[in-house]
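**Q** So that we are looking at the same thing, I have put the structure below in structure tokens.
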Amino acid sequence: MFIGEVSKKTGLSVRAIRLYEEKGLIKPPKRQGRYRVYTQVDIEVLNLISEAKDLGVTLATLKNVIIYESGEVDWERIRRFLFEVRDQLKRDMQTIQIRIRRVERCIGAIDDCQVGLDSPPKGRD
DNA sequence: TTTCTAACA
DNA sequence: TGTTAGCA
């Protein structure tokens, strides 16, 4: 299929698809004349790239993960990478939870110091 | 109409 | 990334 259809199927812009090829994230598809012809595997890789992008994975990182072994995608490597991403996300979640508690402590400290906010303390001078 | 390359009010 | 120009 041509790039227009791939764009619709993956939700990626035609521009982005060509860019990923230029960056080496996908291998240059065969040409039918001067038009790029994509395969189902290309769609799958492109979908992966689309997902990873939303997950905050940089294109540079992806390039090291999507490796073509004799023209074939090493899905097992991608799978291992995905586990790493998941583990990192879990660690991030822990530090965020810790920060949430710290912020709540600050809020609590402020509340404790402003008990009389609604009725300003009377000066005792 | 769609795709291609190259380039940027 | 978008978008536009000028082709095929």
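Final position of the first sequence in the UniProt record's numbering is 125; the numbers increase by one with none missing.
Just so it is clear, CB atoms sit at the ideal spot from N, CA and C, and this is done for glycine as well.
As the structure is a prediction and not an experimental result, all values here were calculated from the model.
1. Checking 9 angstroms against the spacing of the C-beta atoms, do residue 66 and residue 25 come in under that value?
2. In three-state terms, what does DSSP make of residue 97?
3. If you drop the 5 nearest sequence neighbours on each side, which residues of the same chain put their C-beta closer than 8 angstroms to that of residue 23?
4. Does residue 73 come out as helix, strand or coil in the three-state DSSP assignment?
5. Sort 21, 2, 107, 61 by Cα distance to residue 38 and report the nearest one.
6. Where do the ends of the beta strand (DSSP E) carrying residue 36 lie?
7. Closer than 8 angstroms is the cut-off here; do at least three beta carbon pairs connect the stretch 69–88 with the stretch 97–112?
**A** According to the data block:
1. Residue mapping note: residue 66 aligns to position 66 of the first sequence, counting from 1. Residue mapping note: residue 25 aligns to position 25 of the first sequence, counting from 1. A distance below 9 angstroms separates the beta carbons of residue 66 and residue 25.
2. As a position in the first sequence, residue 97 is number 97, starting the count at 1. In this structure, DSSP gives residue 97 a helical state, which the three-state scheme calls helix.
3. Here residue 23 corresponds to residue number 23 of the first sequence, with the count starting at 1. If you ignore the 5 residues before and after residue 23, its C-beta comes within less than 8 angstroms of the C-beta of 59, 63, all in its own chain and listed in chain order.
4. Stepping through the first sequence from its first residue, residue 73 is reached at position 73. The answer is strand: DSSP assigns residue 73 an E or B state.
5. Sequence index remark: in the first sequence, residue 38 carries index 38 (1-based). It is 2.
6. Locating residue 36 in the first sequence gives position 36, where the first residue counts as 1. Start and end: 35–37.
7. These segments do not touch.
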